[in-house]
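Participant:
Residue numbers (the numbering used here): 260 to 356.
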């Protein structure tokens, strides 16, 4: 899966690691924006303490599951998982050299 790192020097691998970390930060920011859009205008339910909490959670989970936001969120999280796996692989390559 990450065979391209087998032929790289340590300096190239370190540069690649910084690039991966920057991509992860960008994806984290977009994940926060999507999460914020899913919770938009639902904070009013917290004025009804216990009942409002359950309504808020059900509405947020429905928005994440049934709307376009959920699709975008799952794509972003999938990309983040792949990049984090690649990051761990690169870090072990650096430690083993």
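The beta-carbon is built from N, C-alpha and C at its ideal position, and this holds for glycine as well.
Taking only heavy atoms of the ligand GTP into account, decide whether any of them is closer than 7 Å to the Cβ of residue 299.
Facilitator: The model depicted lacks the ligand GTP and carries no ligand whatsoever.
Participant: Are the region 325–343 and the region 301–317 touching by the rule of at least three beta carbon pairs closer than 8 Å?
Facilitator: no
Participant: In this structure, does DSSP put residue 300 in helix, strand or coil?
Facilitator: Taking the chain shown and counting its residues from 1, one reaches residue 300 at position 41. Residue 300: coil per DSSP, three-state reduction.
Participant: Please list the terminal residues of the continuous alpha helix (DSSP H) segment that includes residue 354.
Facilitator: Here residue 354 corresponds to residue number 95 of the chain shown, with the count starting at 1. Its alpha helix (DSSP H) spans residues 327–355.
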